[in-house]
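Protein chains: 2
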Amino acid sequence: MKKILVAGANGQIGKHLVTFIQKSDNMEAKAMIRSKEQASFFEELGAETVVADLEESVDSIAKAAEDIDAVVFTAGSGGHTGKDKTVMVDLDGAVKTIEATKSAGVKRFVMISSFDTTREAILEANASFAPYVAAKHYADEWLKRADLDYTIIHPGLLTNDEGTGQVNLAPKVERDEIPREDIARVILASLENDKTIGKEFQVVGGTKSIKEAVESI
Amino acid sequence: MKKILVAGANGQIGKHLVTFIQKSDNMEAKAMIRSKEQASFFEELGAETVVADLEESVDSIAKAAEDIDAVVFTAGSGGHTGKDKTVMVDLDGAVKTIEATKSAGVKRFVMISSFDTTREAILEANASFAPYVAAKHYADEWLKRADLDYTIIHPGLLTNDEGTGQVNLAPKVERDEIPREDIARVILASLENDKTIGKEFQVVGGTKSIKEAVESI
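So this is what it looks like as C-alpha cells:
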C-alpha cells in the first residue's frame, strides 16, 4: 500500500481525492488538516489524519510526511481569504510542503496549480488576480527546481458539477470548465502512472477517459 | 565610468543613491523610473533616466539594462500600497529585474532587502507583516540562485534622519535604526568593493566608517 499525504485535504478537491484514494486497491490516504475538528469526515472514510498547519514550520509538515510515499498539494487560499494568504498559503505554504517532502526523504510530489502560471499569464491577469497567478508561478518554479519526482496539474475553471471521468488533457488546451471531482480522479491517475513524472499539463472537461488521457501524456 | 541602473530610483533610498553616484568619480547613474514626470529630479543631477515599469515584461527591463555595468534593486511596494503590490513589486518585480539583468548580460546585482528575510523571520512576523517578509525572502533566494555577482543588504529600521556615515555592519547585528542616506552610502561602498560579491549582511547605525565596515565584511 502506498500512503499519500494530502495537503489541503479539507478542501473540495481534497475531500474527493481522499475518498477516491480510500476506495482504491493500492493506496491509502493521510489527510493533513489544520485542526482536529476537521477529522471526522476522513475518519469515516477510514483515512488517517494528521494535524499540521501550512503557516507553521517546515519541520511540523515534515513530521506529517514521515511514513509517506507521495505528497499531493491541493491547498489553496481561496479567493475569499485576502491577499495576505495568497503569499502565505499558495506560495509559502507550497514551498514549505516541498521542502518538508525533501526533508522527509519522499520523492513523489503532485501539485495542483492554476490553469496558466506562465510569466505571460501574470502579465495578462487583471490586477486583483495577478498576485495569485504570481504566487502559483513561483510555487511551480520552486517545485521544478526541487529535485523531486513532480507532476504539476493545471486545472481549468473548477465547478462543483458531478464528474464525468472524461477530460481533455495536454500541455496546452483551450480554457474550459472541469468538475473538481474529475481533478481528484486526474490526481489519482497521475499517482498511478509514472509517465507523469517531470511533466505538467492543463486539463479541462473533454471526451477522453482520464486513464487514457494521462497515459498519452 | 561604470554605469549603474537604479531600479526604484524615485524612492527615498534611490534618490540619495543617484545623488551619491553622480558625485562619485568613477560611476554614473541611470535612473529607472515609472513615468517621465519623475525625470526632472534626476536630470538636474545630470543622470540619465529610463522609463520602465516593474510590472511590465522582463524584456522592457532588460532593454533598460543594455549598456549597464551593475544593477541596484531598491524598489519597494511600501507599506501603503496594499498586499497585491507585495507580490507584484517586492517579489515579482525583483525577480523580473534579476532575469532582465541576466538577459542583458550584466553580472553585478545589489539587492536592498529587509532586515531579516530568513524562514524563521517569516514565522515570527505578525500576520500583516509576514507576506512582505516572505516576498523579500523569495526574492533573495531567487537572487542567490541566479548565478550573478550579488550583494544582499539587509537594512535595519529606516529613518529619514541625516546620515552619519557610521554603521554597524555584519552578517548578524542587533536590530536598530539607520538613516536611508547611510544605506545609499553602503550601496555605493558595496559597488566599489568586490569583497561584497556573494555576501549578504545586516546594517544599522554604528561607530565604524562605512568604507571600513564594508571592507571588513
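Residue numbers (the UniProt record's numbering), protein chains in the order written: chain A, 1 to 217; chain B, 1 to 217.
No residue lacks a Cβ here, since even glycine has one placed at the ideal position from N, Cα and C.
Partner residues on chain B for residue i, Cβ-Cβ distance less than 7 Å
i	result
A/Tyr-150	Neighbours of A/Tyr-150 on chain B: none; closest Cβ ~17 Å, over 7 Å.
A/Asp-92	Ile-122 and Ala-134
Chain-order list of residues whose beta-carbon lies under 7 Å from that of residue i (same chain, five-residue window excluded)
i	result
B/Val-87	Ala-135
B/Asp-90	Gly-76, Ser-77, Tyr-132, Ala-135, Lys-136 and Ala-139
A/Thr-196	Thr-151, Ser-190, Val-214 and Ile-217
B/Lys-36	Val-51
B/Ile-21	Ile-4, Met-27, Glu-28, Ala-29 and Leu-188
B/Lys-102	Ala-146 and Leu-148
B/Asp-67	Lys-3
Option in the options with minimal Cα separation from residue i
i	options	result
A/Gly-105	A/Ala-62, A/Ala-125, A/Leu-123 and A/Phe-115	A/Ala-62
A/Glu-181	A/Arg-175, A/Asn-193, A/Gln-166 and A/Val-173	A/Gln-166
B/Asn-10	B/Lys-3, B/Glu-99 and B/Phe-73	B/Phe-73
A/Thr-164	A/Glu-43, A/Gly-205 and A/Ala-121	A/Gly-205
A/Asp-69	A/Ala-170, A/Lys-15, A/Ile-183 and A/Val-110	A/Val-110
A/Glu-124	B/Asn-193, B/Ile-210, B/Gln-38 and B/Glu-56	B/Glu-56
Per-residue contacts from residue i into chain B (C-beta, under 8 Å)
i	result
A/Pro-155	In chain order: nothing, as chain B lies at least about 21 Å away.
is_contact[residue i, chain B] using C-beta, thresh 8 Å
i	result
A/Val-87	yes
A/Ser-57	yes
Host beta strand (DSSP E) of residue i (start-end)
i	result
B/Gln-38	No beta strand (DSSP E) contains B/Gln-38, which DSSP labels as neither H nor E.
B/Ala-130	Premise fails: B/Ala-130 lies in the alpha helix (DSSP H), 130-144, not in any beta strand (DSSP E).
B/Leu-45	No beta strand (DSSP E) holds B/Leu-45; DSSP gives it neither H nor E.
B/Leu-5	2-7
A/Val-71	70-73
B/Arg-108	108-112
A/Leu-123	Segment 119-124 is the alpha helix (DSSP H) holding A/Leu-123; no beta strand (DSSP E) there.
A/Ile-152	149-155
B/Leu-169	166-170
A/Glu-28	27-33
B/Lys-199	199-205
Heavy atom of the ligand ZN within 7 Å of residue i beta-carbon
i	result
A/Gly-156	Ligands in the displayed structure: none, and consequently the ligand ZN is not present.
Cβ shell of residue i (< 6 Å), same chain only, five flanking positions each side left out
i	result
A/His-154	Ser-113, Phe-115 and Gln-202
A/Glu-200	Ile-152
A/Asp-149	Lys-107, Arg-108 and Ile-197
B/Arg-34	Asp-53
Within chain A, the residues that residue i reaches when beta carbons sit closer than 9 Å
i	result
B/Ala-104	Ordered by position in chain A, no residue passes the 9 Å Cβ test against B/Ala-104, which lies about 17 Å from the chain.
Cross-chain neighbours of residue i in chain B, by beta carbon under 9 Å
i	result
A/Asp-84	Lys-83, Thr-86, Ala-127, Ser-128, Ala-130 and Pro-131
Extent of the continuous alpha helix (DSSP H) run through residue i
i	result
B/Phe-20	12-23
A/Glu-181	180-191
A/Lys-96	94-103
Chain-order list of residues whose beta-carbon lies under 8 Å from that of residue i (same chain, five-residue window excluded)
i	result
A/Trp-142	Ala-94, Val-95 and Ile-98
A/Met-1	Asn-26, Met-27 and Glu-28
B/Glu-43	Thr-49
>> What are the residues in the segment 110-132 of chain B lying within 8 Å of chain E by C-beta distance?
In response: Judged by its chain identifiers, the structure shown contains no chain E, and its protein chains are A and B.
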